[in-house]
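**Student:** Here it is, the structure, as structure tokens.
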Ligand SMILES: [Zn+2]
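Numbering (my numbering), first residue to last: 2 to 186.
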């Protein structure tokens with residue numbers, strides 16, 4: 002049994018990320034992916050098309066990959082209203098920086114039932130008691146961002162995986178809960 006959770010950071014409708022969808026799906030028809038999207042840098046028509054693929058999860062990764070750090074609650078709510086108006090994103094947000102989650106953004110995400118993803122557990126320490134579900138990644142994760150994607154496409158044996166999961170699917174996965182790949186902060 003050989004499972005893969007493919008997580009692509011910093012997606013912004015760039016050519017290599019779009020090419021990977023076709024090429025990796027060709028190499029393994031079971032291919033699935035979670036793309037963390039920098040919404041402000043995207044072509045909305047392309048995002049709407051991608052929203053129709055049931056094997057691609059589009060998650061949120063900020064508006065411009067920087068300014069979100071300084072948002073208060075009101076700005077966070079406007080961003081989520083805007084993002085949700087497209088109807089293509091799952092309720093999953095990955096922090097686009099290596100600071101703790103700002104309080105206003107955290108409050109807006111938690112109120113709306115979002116789940117979080119981070120590779121650094123200590124970054125959600127300030128949310129303790131909120132019971133928000135957090136995905137921390139696992140050994141099944143193949144991680145890339147657009148500059149490293151061409152290399153990953155070559156070096157990973159995509160044909161060898163017999164199961165793919167999106168990150169949202171992992172929140173319900175028994176092994177992920179047992180092994181604390183998913184925690185409730
Ligand atoms: Zn990022």
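Don't be surprised by glycine CBs; every beta carbon is placed ideally from N, CA and C. Small disclaimer: the values here were computed from a predicted structure and weren't measured.
Pick from 45, 165, 134, 30: whose alpha carbon is nearest that of residue 143?
**Tutor:** Along the chain shown, one-based indexing puts residue 143 at 142. For residue 143, the nearest C-alpha among the options comes from 165.
**Student:** Between residue 183 and chain D, is the shortest Cβ-Cβ distance under 9 Å, so that the two count as touching?
**Tutor:** Among the chains of the structure shown, chain D does not appear; only one protein chain is present.
**Student:** Looking only at C-alpha atoms, which of 136, 121, 132 sits nearest to residue 93?
**Tutor:** Looking up residue 93 in the chain shown gives position 92. Of 136, 121, 132, the residue nearest in Cα terms is 136.
**Student:** At which residue ranges does the stretch 130-183 contain complete beta strand (DSSP E) runs of 3 or more residues, listed in the order of the chain?
**Tutor:** Fully enclosed beta strand (DSSP E) runs of 3 or longer: 134-136, 142-145.
**Student:** Which residue marks the beginning of the beta strand (DSSP E) containing residue 69, and which one marks its end?
**Tutor:** For the purposes of this step, residue 69 is taken as residue 68 along the chain shown, with counting starting at 1. Note, residue 69: premise wrong, no beta strand (DSSP E); not H, not E.
**Student:** Nearest by alpha-carbon distance to residue 34: which of 23, 41, 47 is it?
**Tutor:** Along the chain shown, one-based indexing puts residue 34 at 33. For the residues 23, 41, 47, the minimum Cα distance to residue 34 belongs to 23.
**Student:** With three or more beta-carbon pairs closer than 8 Å as the criterion, would you say the stretch 83-100 touches the stretch 139-156?
**Tutor:** Segments in contact, no.
**Student:** On the CB-based measure, 16 or more other CB atoms within 10 Å of its CB, does residue 68 come out buried or exposed?
**Tutor:** Here residue 68 refers to the residue found at position 67 when the chain shown is read from its first residue. Exposed, since its Cβ has fewer than 16 Cβ neighbours within 10 Å.
**Student:** Compute the distance between the beta-carbons of residue 14 and residue 64, then report whether it is under 9 Å.
**Tutor:** What you label residue 14 is simply residue 13 of the chain shown in a count that begins at 1. What you label residue 64 is simply residue 63 of the chain shown in a count that begins at 1. No.
**Student:** Using only the alpha-carbon positions, how far apart do residue 178 and residue 90 sit?
**Tutor:** The count along the chain shown starts at 1 and reaches residue 178 at position 177. The count along the chain shown starts at 1 and reaches residue 90 at position 89. Whole-angstrom Cα-Cα distance: 23 Å.
**Student:** Please list, in chain order, all residues of the same chain as residue 138 whose beta carbon is under 6 Å from its beta carbon, the five residues on each side excluded.
**Tutor:** Position 137 of the chain shown, counted from the first residue, corresponds to residue 138. Once the five neighbours on either side are set aside, the close Cβ partners of residue 138 are 120.
**Student:** Does the distance from the C-beta atom of residue 126 to that of residue 168 stay below 9 Å?
**Tutor:** One-based indexing of the chain shown puts residue 126 at position 125. One-based indexing of the chain shown puts residue 168 at position 167. No, these two residues do not count as a Cβ contact at 9 Å.
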